[in-house]
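**Student:** In this text, residue positions in the sequence shown follow full-length UniProt numbering: the first is 1, and each later residue adds one.
All C-beta atoms in this analysis are idealised placements derived from N, C-alpha and C, irrespective of residue type, glycine included.
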Amino acid sequence: MNGGGTPLQRVRVWDLPTRVFHWLLASAVIALVITAKVGGNAMVWHFRLGYLVLALLAFRLLWGLVGGRWSRFVHFLYGPGSVFAYLRGHAGPGGHFEVGHSPVGALSVFALLAVLSAQVGTGLVADDEIANQGPLYRFVSGDTSATATDWHTGAGQWLIIGLAVLHVLAIVFYRVAKGRNLVGPMLSGDKQLPAGTPASADRLAQRALAVLLLALCAGGAAWVASLGG
């Protein structure tokens with residue numbers, strides 16, 4: 001039971017496709033930063049990882065519409081009122097601010113997805129004027145490519161690093177200051193929550209749908225890569 005005497009039970013919050021997406025994306029972003037810094041022959045892997053992130057972002061967009069309850073955008077798309085209420089310490093209707101993404105956590109998620117999308121998009125049309133061009137470079141003007149390249153190698157890269165650092169610091173803060181383990185549920189999928197808390201569907205049918213969607217997104221990313229000739 002929690003401090004208020006309400007019985008707790010294991011509730012599936014993060015479905016398997018969401019968890020796999022999370023850890024694949026985190027690993028790919030780290031590897032992208034490393035390969036960008038190394039340069040040279042590592043740029044082959046930088047491009048491959050970029051296409052992987054493109055596929056993952058497309059998948060997350062679709063999964064945010066049809067995935068498990070707490071992975072759907074509709075369940076963590078909060079208005080300003082909810083954000084301010086959360087900052088004042090309110091738990092939200094039925095305590096649901098503490099189930100999936102909190103209002104502040106949701107802002108972090110959307111910011112990361114937006115910045116990563118911009119980074120992938122600019123990378124697709126970038127040109128380092130040495131040996132590497134994005135597959136869509138030939139479809140834009142030289143000025144557009146130059147602007148995209150400046151963002152991709154400068155502000156965009158540092159924004160991603162900054163948001164990733166803030167993400168880690170937030171995890172540490174919640175663990176130390178609030179006693180909440182955010183990593184464990186993203187590994188197991190479950191949280192100890194009050195009885196009656198709605199769970200995310202995570203059965204074979206949902207997982208099969210996720211595999212199909214990811215395959216379609218991977219095919220789309222491969223098609224984009226092929227446009228580079």
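(1) Give me the Cβ distance between Tyr174 and Leu182, rounded to the nearest whole Å; I'm assuming they're in contact under 8 Å.
(2) Determine the burial state of Pro135: buried for a count of at least 16 other Cβ atoms within 10 Å of its Cβ, exposed for fewer.
(3) Closer than 6 Å by C-beta to Leu112: which residues in its own chain qualify, once you throw out the five before and the five after it? Chain order, please.
(4) Does the Cβ-Cβ distance between Ala148 and Ser108 come in under 8 Å?
(5) Going by DSSP in three states, Lys191 sits in which element: helix, strand or coil?
(6) One question on the structure: do Met186 and Trp14 come within less than 8 Å of each other, judged by their Cβ atoms?
(7) In terms of residues, what are the limits of the alpha helix (DSSP H) holding Val120?
(8) Shortest alpha-carbon distance to Leu227 belongs to which of Ala205, Arg138, Leu216 and Trp158?
(9) What separation, rounded to the nearest whole angstrom, lies between the Cα atoms of Gly67 and Tyr51?
(10) Looking at Asp202: is its Cβ nearer than 8 Å to the Cβ of Leu49?
(11) With a threshold of 6 Å on Cβ separation, who are the neighbours of Ala55 within its own chain once the five nearest residues in sequence on each side are excluded?
(12) Between Gln119 and His152, is the Cβ-Cβ spacing less than 8 Å?
(13) Taking the CB atoms as reference points, tell me whether Leu213 and Phe59 lie closer together than 8 Å.
(14) Which residues in the same chain have their Cβ closer than 6 Å to the Cβ of Val125, if we skip the five residues on either side of it in sequence?
(15) If the criterion is Cβ atoms closer than 8 Å, does the pair His22 and Leu32 meet it?
(16) Please return the same chain residues whose Cβ sits closer than 7 Å to the Cβ of Gly100, not counting the five positions on each side in sequence.
(17) Expressed to the nearest angstrom, what Euclidean distance is found between the alpha-carbon atoms of Ala208 and Glu129?
(18) Start and end of the beta strand (DSSP E) containing Gln9?
(19) So, using beta-carbon positions, are Arg72 and Gly189 closer together than 8 Å?
(20) Mind checking whether Gly154 and Thr122 have CB atoms under 8 Å apart?
(21) Look at Val115 and Leu159 and say whether their C-beta atoms are less than 8 Å apart.
(22) Can you give the Cα-Cα distance for Gly184 and Gly142, rounded to whole angstroms?
**Tutor:** With the structure as the only source:
(1) Here residue 174 is taken as the residue at index 174 of the sequence shown, counted from 1. Here residue 182 is taken as the residue at index 182 of the sequence shown, counted from 1. Going by Cβ atoms, the distance from Tyr174 to Leu182 rounds to 5 Å, so yes, they are a contact pair.
(2) Taking the first residue of the sequence shown as position 1, residue 135 is located at position 135. Classification for Pro135: buried.
(3) On the sequence shown, position 112 is the one that residue 112 refers to. Taken in chain order, the residues that qualify are Leu163.
(4) The sequence position of residue 148 within the sequence shown is 148, counting from 1. The sequence position of residue 108 within the sequence shown is 108, counting from 1. Contact: no.
(5) In the sequence shown, counting from the first residue as 1, residue 191 sits at position 191. If DSSP states are grouped into helix, strand and coil, Lys191 belongs with the strands.
(6) Residue numbering aside, residue 186 sits at position 186 when the sequence shown is read from its first letter. Residue numbering aside, residue 14 sits at position 14 when the sequence shown is read from its first letter. Yes, they are a contact pair.
(7) Indexing the sequence shown from 1 puts residue 120 at position 120. Pro103 to Leu124 is the span of the alpha helix (DSSP H), which, as asked, contains Val120.
(8) For the purposes of this step, residue 227 is taken as the residue at position 227 of the sequence shown. Among Ala205, Arg138, Leu216 and Trp158, the Cα nearest to that of Leu227 belongs to Arg138.
(9) What you label residue 67 is simply residue 67 of the sequence shown in a count that begins at 1. What you label residue 51 is simply residue 51 of the sequence shown in a count that begins at 1. Each residue's alpha carbon lies about 22 Å from the other.
(10) Working through the sequence shown from its first residue, we reach residue 202 at position 202. Working through the sequence shown from its first residue, we reach residue 49 at position 49. Their beta carbons are not under 8 Å apart, which means Asp202 does not touch Leu49 by this criterion.
(11) Residue 55 sits at position 55 when you count from the first residue of the sequence shown. Correct list, in chain order: Cys217, Ala218 and Ala221.
(12) Taking the sequence shown and counting its residues from 1, the one referred to as residue 119 is at position 119. Taking the sequence shown and counting its residues from 1, the one referred to as residue 152 is at position 152. Contact flag set, yes.
(13) Mapped onto the sequence shown, residue 213 falls at position 213. Mapped onto the sequence shown, residue 59 falls at position 59. Closer than 8 Å, so yes.
(14) Within the sequence shown, numbered from 1, the residue matching residue 125 stands at position 125. Here the set comprises Gly134, Leu136, Tyr137, Val140, Ser145 and Ala148.
(15) Taking the sequence shown and counting its residues from 1, one reaches residue 22 at position 22. Taking the sequence shown and counting its residues from 1, one reaches residue 32 at position 32. No, the pair does not count as a contact, with Cβ atoms beyond the cut-off.
(16) Start at 1 with the first residue of the sequence shown, and residue 100 comes out as number 100. Excluding residues within five positions, the ones whose Cβ falls inside 7 Å are Val13, Trp70, His75 and Phe76.
(17) The sequence position of residue 208 within the sequence shown is 208, counting from 1. The sequence position of residue 129 within the sequence shown is 129, counting from 1. When rounded, the distance between both Cα atoms is 43 Å.
(18) Indexing the sequence shown from 1 puts residue 9 at position 9. Its beta strand (DSSP E) spans residues Leu8 to Arg12.
(19) Numbered from 1 along the sequence shown, position 72 holds the residue referred to as residue 72. Numbered from 1 along the sequence shown, position 189 holds the residue referred to as residue 189. Not a contact, by the Cβ cut-off of 8 Å.
(20) One-based indexing of the sequence shown puts residue 154 at position 154. One-based indexing of the sequence shown puts residue 122 at position 122. No, they are not a contact pair.
(21) One-based indexing of the sequence shown puts residue 115 at position 115. One-based indexing of the sequence shown puts residue 159 at position 159. Contact: yes.
(22) By 1-based counting over the sequence shown, the position of residue 184 is 184. By 1-based counting over the sequence shown, the position of residue 142 is 142. Between Gly184 and Gly142, the C-alpha separation is close to 47 Å.
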